[in-house]
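What follows is one structure encoded as structure tokens, with my remarks underneath.
Here is the structure:
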């Protein structure tokens, strides 16, 4: 059972109040509690959120894009922490996370894709990242289910995977065992007094007070009333549709690692789980708050996946889901203190929320106990978007 706020209690005070019980909110709460802080989480359904839809690729290398070297460093740091993080969380929760160090194969289906992958390989090498170029024949030898037209690919043994649903469930248990309090409600508005955030007011009027309030509600972070203008940079929802199929035993092993490609200009990936599940994703749609699973989205994902792995059409389709990624103005996370004392952010992770879970927990625990970001996260302060004199003054404070 989750601890609840007593029905007649109007105010409860903790050191830290985390708004949002997805994986980012939960890892923030868990790490803060480990530092000896009293922590509460506000969420109608803790353990939900985008993690219930995400595929769980830990793809710091294959998701590298031009101009994202700053984000690359944070992604790589988080990926490197994953083995120890997964072991620690498994011990703390007693739950298996579905962490697999199985590697990733990114393949090209035509000459243009092949040229793009060659450029990506060069960028990876220039960035000090390990990847190996394979011929089409070598790709098919590695993964026999690949289409015969594969023209080449990149083998990245360091890009792993985790099951985000298991990760979320384990973080929930770890938080409970660490003494985190859960309020199963939505935060209607932020409370402030004397130019300082002091907590939130719930939908039923209950006031929760805290020394530090963290907005970690994913794409919903910007929908909480009471946040002064200019304090919270825009957080937009980006819809992603994802499919789940089942690999019958007679077809196993279907794929031994994550396989991905660009088909008709869209990314498609297939993530095999040890339990026989195969996750196929994902669309990227700027459609506001819509989470409808559409026939067009399902068709496009299956069509593109079929071009990559033709045998997928023989598999049972077991689930279709759509979720919302939280996008910041530059699609990088916003971490740590804001221009409003007492208010911190842990949102805007866009497509890297699962990958960045370990480092986000460490960064936020540091920020909540010291008031500052560690060096590795300085580039992701919410103040990087500041334009007003108030926020500029905070940006110019000495480290």
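In my numbering, the protein residues as written are -3 to 395. Ideal Cβ placement from N, Cα and C applies to all residues, glycine included.
query	result
Residue 249 to residue 305 span [Cα, whole Å]	13 Å
Simplified DSSP state of residue 331, which is helix, strand or coil	strand
CA nearest to the CA of residue 164, picked from 203, 351, 340	351
Buried or exposed by the 16-neighbour rule on C-beta atoms within 10 Å, applied to residue 92	exposed
Span separating the alpha-carbon of residue 343 from that of residue 137	41 Å
Residue 10 to residue 207 span [Cα, whole Å]	7 Å
Where residue 95 sits in the DSSP three-state scheme	coil
Residue 169 vs residue 183 beta-carbon contact at 8 Å	no
Proximal residues to residue 309 (C-beta, below 8 Å), its chain only, five neighbours per side dropped	298, 302
Cα-Cα separation, residue 273 to residue 124	33 Å
Inter-residue Cα distance where the pair is residue 332 and residue 217	14 Å
Whether residue 129 touches residue 150 by CB criterion (8 Å)	yes
Beta-carbon proximity of residue 96 to residue 156, cut-off 8 Å	yes
Extent of the continuous beta strand (DSSP E) to which residue 129 belongs	128 to 131
Spatially closest choice to residue 294 from 237, 370, 369, 187, by CA coordinates	237
Counterpart residues of residue 101 in DSSP-defined beta bridges	151, 255
Bridge partners - residue 273, DSSP secondary structure assignment	242
Alpha-carbon spacing of residue 98 relative to residue 190, whole angstroms	52 Å
Paired residues, beta bridge with residue 323 - DSSP	232, 345
Close beta carbons around residue 386, own chain, < 8 Å, minus the five adjacent residues each side	Caution applies to residue 386, whose pLDDT of 48 falls short of 50 and renders its modelled position unreliable; the value that the coordinates give is listed next. Result list for residue 386: 226, 335, in chain order.
Nearest-angstrom Cα separation, counted from residue 185 out to residue 177	19 Å
Counted within 10 angstroms of its Cβ, other Cβ atoms place residue 62 as buried (16 or more) or exposed	exposed
Cβ separation of residue 101 and residue 255, assumed to be a contact under 8 Å, to the nearest whole Å	5 Å
Terminal residues of the alpha helix (DSSP H) in which residue 376 lies	Looking at the DSSP string, residue 376 is not in any alpha helix (DSSP H), and its letter there is neither H nor E.
Below-8 Å beta-carbon distance, residue 314 vs any chain C residue	The chain inventory of the structure shown lacks chain C, comprising one protein chain alone.
Start-to-end residues for the beta strand (DSSP E) that takes in residue 31	Here residue 31 belongs to no beta strand (DSSP E), and DSSP marks it neither H nor E.
Selected residue, minimal CA-CA separation from residue 349, among 107, 116, 212, 135	212
Burial state of residue 340, where buried means 16 or more other Cβ atoms lie within 10 Å	buried
The alpha helix (DSSP H) enclosing residue 362, as first and last residue numbers	353 to 366
Between the CA atoms of residue 52 and residue 263 - distance to the nearest angstrom	15 Å
Proximity winner among 58, 371, 13, 20, relative to residue 103 (alpha-carbon distances)	58
Residues near residue 119 by beta carbon distance below 8 Å, same chain, minus five either side	60, 62
Supposed contact pair residue 215 and residue 322 - C-beta distance, whole angstroms, cut 8 Å	4 Å
Every unbroken alpha helix (DSSP H) inside the stretch 131 to 197 [4 residues or more]	132 to 138, 160 to 173
Residue 208: first and last residue of the uninterrupted beta strand (DSSP E) it sits in	203 to 211
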